[in-house]
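Okay, so here's the structure we're looking at.
Residue numbers (this note's numbering): 101 to 350.
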């Protein structure tokens, strides 16, 4: 029996007088791999901010792991890889191990000594993304695809149940995008629930177990086959402009 990790009930959000989200009912179940798609300005980033507790809904309620979000304290259950990770300062003087250790900050505090058990978690997270041979390398010396794996390891080190990724493949070449999705597939099979924000509709329909299409309201939330049956005209109406979908090899 699957359990709901996220439940958004009738959630709306406004930035001043501008409505960003309207009456969102959205559920993420344990084991899901959800691709969240939609146009720029459609509310995808706002939805993530609400889930991370960075914003509070104007109306409606959000539950994480069966608890109201304002009473949810186990932040380590949520892992987050931001889009800004792709613009990481290559001159930052830190090793791979040090960058991944930063993922324990919310749990340990900034000045807590790293224990042997913490070291094991760090090494295990790096192994999960296939980067165990790079622990002592400077993060700035790695390729974009390798850095991306390290940022995922940083999110994984706190052993989250839900991993949220915001446009993680922006600026990454096609070969590394394929490797990235292969990695996500493995992580999902290891009981990590995934929410991936992306513009790459074609790729998501081949990898995600569910697709959610958001443009201020949730226009669609279901399996990829149902999503692919939506007509091009209807999908363009969801997006608010004509849409051309490119399907990648998979």
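The beta-carbon is built from N, C-alpha and C at its ideal position, and this holds for glycine as well.
Keep in mind it's a predicted model, so treat the numbers as computed, not measured.
Legend entry - Cβ neighbour criterion (16 or more within 10 Å) applied to residue 266: To locate residue 266, count along the chain shown from 1; it is residue 166. Answer is buried; the Cβ neighbour count reaches 16.
Inset, instruction - Could you tell me whether the segment 127-145 touches the segment 171-181, where touching means 3 or more Cβ pairs closer than 8 Å? - result: Verdict: no, contact absent.
Inset, instruction - Please name the residue in 230, 119 and 159 whose C-alpha comes closest to that of residue 143. - result: Numbered from 1 along the chain shown, position 43 holds the residue referred to as residue 143. Cα-wise, what sits closest to residue 143 is 119.
Inset, instruction - Return the residue from the list 263, 331, 332 and 340 that minimises the CA-CA distance to residue 131. - result: By one-based count along the chain shown, residue 131 stands at place 31. Residue 263 is the option with its Cα nearest to residue 131.
Inset, instruction - Run the proximity test for residue 260: is its beta-carbon closer than 7 Å to any non-hydrogen atom belonging to the ligand SAH? - result: Among the components modelled here there is no ligand, and therefore nothing to report on the ligand SAH.
Inset, instruction - List the whole-angstrom C-beta distance separating residue 109 from residue 125, where the pair is believed to meet the contact cut-off of C-beta under 8 Å. - result: For the purposes of this step, residue 109 is taken as the residue at position 9 of the chain shown. For the purposes of this step, residue 125 is taken as the residue at position 25 of the chain shown. Indeed, because the Cβ distance is near 6 Å, the residues count as touching under 8 Å.
Legend entry - Local conformation of residue 241 per DSSP, three classes: Locating residue 241 in the chain shown gives position 141, where the first residue counts as 1. The answer is helix: DSSP assigns residue 241 an H, G or I state.
Inset, instruction - State the DSSP-derived secondary structure class of residue 213, mapped to helix, strand or coil. - result: In the chain shown, the residue the question calls residue 213 occupies position 113. Of the three classes helix, strand and coil, the one that applies to residue 213 here is coil, per DSSP.
Inset, instruction - Assess, as a yes-or-no matter, whether the segment 290-297 is touched by the segment 321-332 under the definition of 3 or more beta carbon pairs within less than 8 Å. - result: no
Inset, instruction - Please state whether DSSP places residue 347 in a helix, a strand or coil. - result: In the chain shown, residue 347 corresponds to position 247, counting from 1. With a pLDDT of 47 at residue 347, under the threshold of 50, the predicted position of this residue should be treated as unreliable, though the coordinate-derived value follows. Reduced to three states, the DSSP call for residue 347 is coil.
Legend entry - Proximal residues to residue 224 (C-beta, below 7 Å), its chain only, five neighbours per side dropped: Sequence index remark: in the chain shown, residue 224 carries index 124 (1-based). Contacts found: none.
Inset, instruction - Note the first and the last residue of the continuous alpha helix (DSSP H) segment covering residue 279. - result: The residue labelled residue 279 in the question sits at position 179 within the chain shown. Element bounds for residue 279: 274-289.
Legend entry - For residue 170, three-class secondary structure by DSSP: Start at 1 with the first residue of the chain shown, and residue 170 comes out as number 70. In the structure shown, residue 170 sits in a helix (DSSP, three-state: H, G or I).
Legend entry - Option nearest residue 160 by Cα separation, candidates 182, 199, 197 and 111: Here residue 160 refers to the residue found at position 60 of the chain shown. Closest by C-alpha distance to residue 160, out of 182, 199, 197 and 111, is 111.
Legend entry - Cα-Cα separation between residue 304 and residue 237, rounded to whole angstroms: As a working mapping, residue 304 is identified with position 204 in the chain shown. As a working mapping, residue 237 is identified with position 137 in the chain shown. C-alpha separation (whole angstroms): 32 Å.
Legend entry - Beta-carbon contacts of residue 256 that lie in its chain and below 8 Å, excluding the five residues immediately before and after: Within the chain shown, numbered from 1, the residue matching residue 256 stands at position 156. Excluding positions up to five away in sequence, the list reads 179, 203, 225, 228, 229, 263, 287 and 292.
Inset, instruction - Within the same chain, show all residues whose beta-carbon is closer than 7 Å to that of residue 157, passing over the 5 residues directly before and after it, in chain order. - result: The residue labelled residue 157 in the question sits at position 57 within the chain shown. Within the same chain, residue 157 has close Cβ partners 111, 112, 113 and 150.
Inset, instruction - Reducing DSSP to helix, strand and coil, say where residue 336 ends up. - result: The sequence position of residue 336 within the chain shown is 236, counting from 1. If DSSP states are grouped into helix, strand and coil, residue 336 belongs with the helices.
Legend entry - Contact under 8 Å by Cβ, residue 279 with residue 322: Stepping through the chain shown from its first residue, residue 279 is reached at position 179. Stepping through the chain shown from its first residue, residue 322 is reached at position 222. Not a contact, by the Cβ cut-off of 8 Å.
Inset, instruction - Assign residue 243 to one of two classes, buried (16 or more other C-beta atoms within 10 Å of its C-beta) or exposed (fewer than that). - result: Taking the first residue of the chain shown as 1, we reach residue 243 at position 143. Counting the other Cβ atoms within 10 Å of the Cβ of residue 243 gives fewer than 16, which makes it exposed.
Legend entry - Run of the beta strand (DSSP E) containing residue 129, from where it starts to where it stops: The count along the chain shown starts at 1 and reaches residue 129 at position 29. Where residue 129 is concerned, the enclosing beta strand (DSSP E) stretches over 118-129.
Inset, instruction - Counting only the same chain and skipping the five closest in sequence on each side, list residues whose C-beta sits under 6 Å from that of residue 339. - result: Translated into positions along the chain shown, residue 339 becomes position 239. Closer than 6 Å at the Cβ level, and outside the excluded window around residue 339, lie 139.
Legend entry - Burial state of residue 233 (16 or more Cβ within 10 Å): Looking up residue 233 in the chain shown gives position 133. Label assigned to residue 233: exposed.
Legend entry - Buried versus exposed, by CB contacts within 10 Å (16 or more), residue 316: By 1-based counting over the chain shown, the position of residue 316 is 216. Buried, by the Cβ-count rule.
Inset, instruction - Whole angstroms is fine: what's the gap from residue 217's alpha carbon to residue 290's? - result: Here residue 217 corresponds to residue number 117 of the chain shown, with the count starting at 1. Here residue 290 corresponds to residue number 190 of the chain shown, with the count starting at 1. Roughly 21 Å between the two C-alpha positions.
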